[in-house]
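Chemist: Numbering (my numbering), first residue to last: 20 to 72. Got a structure for you, written out below as structure tokens; questions coming shortly.
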């Protein structure tokens, strides 16, 4: 697999809002870690679902 993507996914946590139980927010485990590729992957997957691909 892609080592950069693996690192970014490992650096990410999910936070669920108390008001919205259907949505998760991707957050950093610590401020110095990068999660850009995890966010990009999530946005791409959401767009594929929206377009019924």
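We put the CB at the ideal spot given by N, CA and C, even for glycine. Note that this is a predicted model, so its numbers are computed, not measured.
Which complete alpha helix (DSSP H) runs does the stretch 21 to 64 hold, if anything under 4 residues is left out?
Modeler: 22 to 30
Chemist: Roughly how many angstroms separate the alpha carbons of residue 56 and residue 37, rounded to a whole number?
Modeler: 26 angstroms
Chemist: Who are the Cβ neighbours of residue 46 in its own chain at under 6 angstroms, not counting the five residues just before and after it?
Modeler: 32 and 34
Chemist: Indicate the three-state DSSP secondary structure (helix, strand or coil) for residue 70 in the structure shown.
Modeler: In this structure, residue 70 counts as coil in the three-state DSSP scheme.
Chemist: My assumption, with CB atoms under 8 angstroms, is that residue 27 sits in contact with residue 48. Please give the rounded CB distance.
Modeler: Beta-carbon to beta-carbon, residue 27 and residue 48 are separated by about 11 angstroms, too far to satisfy the 8 angstroms threshold.
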